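> Got a structure here, written out as structure tokens. Questions coming.
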Amino acid sequence: MRFSSFLRSSTLRAAVAVTMGAAVLTAIPAAASAAPPVTPTTPSTAPTGTDQLSSPRAQAQAAAAASTVLNPAAVTAPAGTRSIVTPGLKGLDQIGVVNATQMSCLSGKGYSFAFVNTNETTFATYNNAAAAGLKVVLFQGYYQQYWANQGGNGTTQGQKAATYATTAKYPAGGMIFLNLEQTTNTTHSNLMTWVKAWAAAVIAKGFKAGVYIGANAGLTKADLDTMPGVSAYWRSTSHDTTAPTPTRGLVVIQSLPLDDTGDGCGIGVDQDTAGRDANGVQLVGAAFPRTRTAASAAGAFEPLSPTRLLDTRSGLGAKAGAVPSTGRLTLTVAGRGGVPSTGVSAVVLNVTATAPTTAGNISVAPAGGTNSGSNVNYAKGQTAANLVTVGLGTGGAVTLANGGSGSVQMIADVAGYYLAGAGPASAPGTFQPLTSPVRLLDTRPKPAAAHSTTVVQVTGVKSTIPNDGSAGAAVMNLTAVAPSQPGYLTAFATGTSAPNASSVNYVVGATTPNLATVRLSVANQPSGQAGGQISLYNNTPGATNLLADVTGYYLAGQPTLTGTYQAMNSPVRLLDTRSGKGGSSTVAASRAIALQVAGTGSGATSIPSTATAVAINVTVVGPAAGGYLRVFPSDQSAPNASNLDFAARATVANLVIVPIGADGKIVLDNQSGGTTDVLGDVAGYFLG
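And the structure:
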């Protein structure tokens, strides 16, 4: 834990690659549990760091804590909810108080969780971490003078840590770690008795007991493998290399010590990286999801953390078994997964086809309506997904139809819903769904030429969207059909420049759809620009056919109400791990990254801190192995859901509408056995 003055050179900011039980998972989550990880590797050799004993600040704080009574009135953080810290996310630990300004700064530098010392009786760091939206995990700093005594002090100190946790309203099942280092003043037997008593006291209050293994821990690997009551381990890989590592591995590593200026936030912190041990155990602490005003206007959006409503493989939401050729199934959505039973006009679903026996497509429509066009296109044996915005039909349900000549398994995860009202949506930024998708473009048999731009009139066509300037953005399913070269399609408002972003990524010969939310052009008499148009740029050296189906639109004007949508002038690239844009590099196997969304950008590209959900087109580029990517708010545990499914070396995109966590971030979790690059292009955001 190295509670020293952190006088480390900034040249130590090299990445530390340590395997904490990386998992190799199947393409789509079939259940909430993760696959078994591989055996952890041995940490690389590094200089042994100093410890808490050398820090006068730490000694003074520990001495004060030994005699200070906790003050419940000092707790300002809300009750925490039990939450898993996704493997790969970056956290911090510090023996002293991290003030509110420093914590907010560290959050903006990509930290997603904070270890907080239970000996800090003011609760200041706990409160500040919660206010910044970070997850919190507790640890108890040690008093070296206490190691010499046996179980009595272990019980006493364990009870103190548990009392701190209950006073702070830390959730049951959350982990508390004991800082186990500098134990040279006691015997091996005494230490084992001490830790056993400490763990029992923590467990008695409903928490999980963990151990941080630091310098001079006085224990062996065999001791850790048989230590009673301890369910999780944390240790350093940046220093203290004499400390043992248990066979089961670690749920978190202290991966990098920073210098006293930290990341420019005015405080030195140790950097930690969450992981998963060989038993599948992950780091568990407290989350503090943001409190937001519920949407009330007709057409306003309520985001949800992704929830699985349908999986024909297991029988969830429908009869178990693949859907046969031309088969249809009705999926009840209202009243499930956070969707109200009444008052809903449309829902956002991520629909996945898997294990198809032939090529084909899935179309989604309101129950009782007509299934036309396609929402998900798939090849034989391919797993493919696409986001769908669809109105609710009879019984609050939707119908999914298999347009292939063979059978296919179907999966659907709900991401949010739009409110119905007594009349149509009227406030700026609210959504008006169409009763069924309407095809506005089909270039067949004459494909769009290489590097050409196709203009599509969206308003005033086929009696769908009025051509009176009331529509500000359209929700469209765009499809590339039989491209002769690999490439991508970019959708943007006609009359503006094509942005550095992609809407549909495709390979030779494949039919690839993607949902897009596209701002519409505004009529301009001097320039002759017509209103209600979008442009589709075919960024490839070959020709491809294009389809465009509109499913609804957002009303024009400046949105102000909760749940209303603000479309970006053109898509804004917020993440590109190939270049480090967004603060992250290539994503490791079975690891996640956090992306700051709220409070970013400036001017036309800004996303305010009041944004509560984002529409972001996420692209996986050149994955080393097949798998899936899931995207979710940073203040939640990873859901049993998927957003993008990909094969090795394939470039795959999908629009994701996802709530933004309390710290302004979303998490992108690579559930594959290989590395991958990830891009993120923001189409717009929803107000809170």
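For the sequence shown, the residue numbers in mature numbering (1 follows the signal peptide of the UniProt record, and there is no 0) are -34 to -1, 1 to 654.
Don't be surprised by glycine CBs; every beta carbon is placed ideally from N, CA and C.
This structure is a prediction, so every number in the text was calculated from the model and none was measured.
May I ask you to report which of helix, strand or coil DSSP gives Ile623?
Here Ile623 sits in strand by DSSP.
> Between the stretch 480 to 490 and the stretch 378 to 393, can you find at least three pairs of beta-carbon atoms closer than 8 Å?
Flag = no, the stretch 378 to 393 and the stretch 480 to 490 do not touch.
> Could you work out which residue in Ala440, Thr456 and Asn504 is closest to Ala416 when comparing CA atoms only?
That would be Asn504, whose Cα lies nearest to the Cα of Ala416.
> Using 10 angstroms around the beta-carbon of Pro2, count the other beta-carbons present and answer buried if the total reaches 16, otherwise exposed.
For Pro2, the pLDDT reaches just 35, beneath the cut-off of 50, and the residue's location in the model is therefore unreliable, leaving the point undetermined.
> For Thr641, which of Val314, Gly283 and Arg557 has the nearest alpha-carbon?
Minimum Cα distance to Thr641 is reached at Arg557.
> Taking only three categories from DSSP, how would you classify Val330?
Of the three classes helix, strand and coil, the one that applies to Val330 here is strand, per DSSP.
> Under DSSP, the alpha helix (DSSP H) around Ser73 begins and ends at which residues?
Here the alpha helix (DSSP H) through Ser73 covers Ala66 to Gly74.
> Taking only three categories from DSSP, how would you classify Tyr472?
Strand.
> By Cβ distance, which residues of its chain are closer than 8 Å to Thr468, with the 5 residues on each side in sequence left out?
Here residue 468 turns out to be Ser, not Thr, going by the sequence shown. Within the same chain, Ser468 has close Cβ partners Tyr454, Leu455, Thr456, Asn505, Asn583, Thr585, Ala619, Leu645 and Asp647.
> Using the rule of at least 16 other Cβ atoms within 10 Å of the residue's Cβ for burial, across every protein chain shown, is Tyr519 buried or exposed?
That one is buried.
> Identify which residue in Pro306, Val299 and Gly347 has its Cα closest to the Cα of Thr320.
Checking every option, the nearest Cα to that of Thr320 belongs to Gly347.
> What are the residues that DSSP puts in a beta bridge with Val553?
Note: Val553 sits in a beta bridge opposite Thr642.
> For Ala613, which three-state DSSP category applies?
DSSP places Ala613 in coil when its eight states are reduced to three.
> Going along the chain, which residues of its own chain have a beta-carbon closer than 8 Å to the beta-carbon of residue 657, five neighbours each way excluded?
One cannot answer for residue 657 here, as it falls past the ends of the chain, which runs -34 to 654.
> Using only the alpha-carbon positions, how far apart do Leu297 and Val474 sit?
Whole-angstrom Cα-Cα distance: 34 Å.
> Pick out the complete beta strand (DSSP E) segments inside the stretch 414 to 487, 3 residues or longer, and give them in chain order.
Listed in chain order, the complete beta strand (DSSP E) runs (minimum 3 residues) inside the stretch 414 to 487 are 419 to 423, 437 to 447, 453 to 459, 470 to 472 and 478 to 485.
> Taking the alpha carbon of Tyr92 as the reference point, which residue from Gly62, Tyr77 and Ala43 has its own alpha carbon closest?
Tyr92 has its Cα closest to that of Ala43, out of Gly62, Tyr77 and Ala43.
> Can you give me the start and stop residues for the beta strand (DSSP E) that Val516 sits inside?
First-last of the beta strand (DSSP E) with Val516: Asn511 to Leu521.
> Is the number of C-beta pairs between the stretch 357 to 375 and the stretch 312 to 331 that are closer than 8 Å three or more?
In short, these stretches touch, since the Cβ pair count reaches three.
> Hey, could you find the ends of the beta strand (DSSP E) Asp238 is sitting in?
Residues Asp236 to Ala240.
> Can Val374 and Tyr344 be called in contact, C-beta distance under 8 Å?
Contact: yes.
> Within 10 angstroms of its Cβ, does Ala260 collect 16 or more other Cβ (buried), or is it exposed?
Flag for Ala260 reads exposed.
> Report all residues from its chain with a CB closer than 6 Å to the CB of Thr425; omit the five preceding and five following residues, and keep chain order.
For Thr425, where only same-chain residues beyond five positions count, the Cβ hits under 6 Å are Ile431, Asn433, Ala437 and Gly498.
> Which of helix, strand or coil does DSSP assign to Pro399?
Of the three classes helix, strand and coil, the one that applies to Pro399 here is strand, per DSSP.
> Can you give the Cα-Cα distance for Leu444 and Leu512, rounded to whole angstroms?
So the alpha carbons of these two residues sit roughly 7 Å apart.
> In three-state DSSP terms, what is Ile179?
Ile179 falls in the strand class under three-state DSSP.
> Taking all protein chains shown into account, do 16 or more other C-beta atoms lie within 10 angstroms of the C-beta of Asp229, making it buried, or fewer, making it exposed?
Label assigned to Asp229: buried.
> So what does DSSP say about Asp243, is it helix, strand or coil?
Three-state result, Asp243: coil.
> Taking only three categories from DSSP, how would you classify Leu366?
The answer is strand: DSSP assigns Leu366 an E or B state.
> I need the DSSP call for Met158, collapsed to helix, strand or coil.
Note: Met158 maps to helix in three-state DSSP.
> Cα separation between Ala12 and Gly215?
Low local confidence applies: a pLDDT of 28 at Ala12 is under 50, so the model's placement there is unreliable, with the coordinate-based value given in what follows. So the two alpha carbons sit approximately 19 Å from each other.
> With the cut-off set at 8 Å, would you say Val102 and Phe143 are in Cβ contact?
No; because the gap between Cβ atoms is not below 8 Å, this pair is not in contact.
> For Leu295 and Leu621, I'd like the C-alpha separation in whole angstroms.
Cα-Cα distance, rounded: 24 Å.
> Please classify Thr192 as buried or exposed, where buried requires at least 16 neighbouring CB atoms within 10 angstroms.
Flag for Thr192 reads exposed.
> Looking only at its chain, what residues have a beta carbon closer than 8 Å to the beta carbon of Ser575, apart from the 5 residues adjacent to it on each side?
Correct list, in chain order: Ala564, Gly565 and Gly630.
> According to DSSP, is Leu190 part of a helix, a strand, or is it coil?
Helix, per DSSP.
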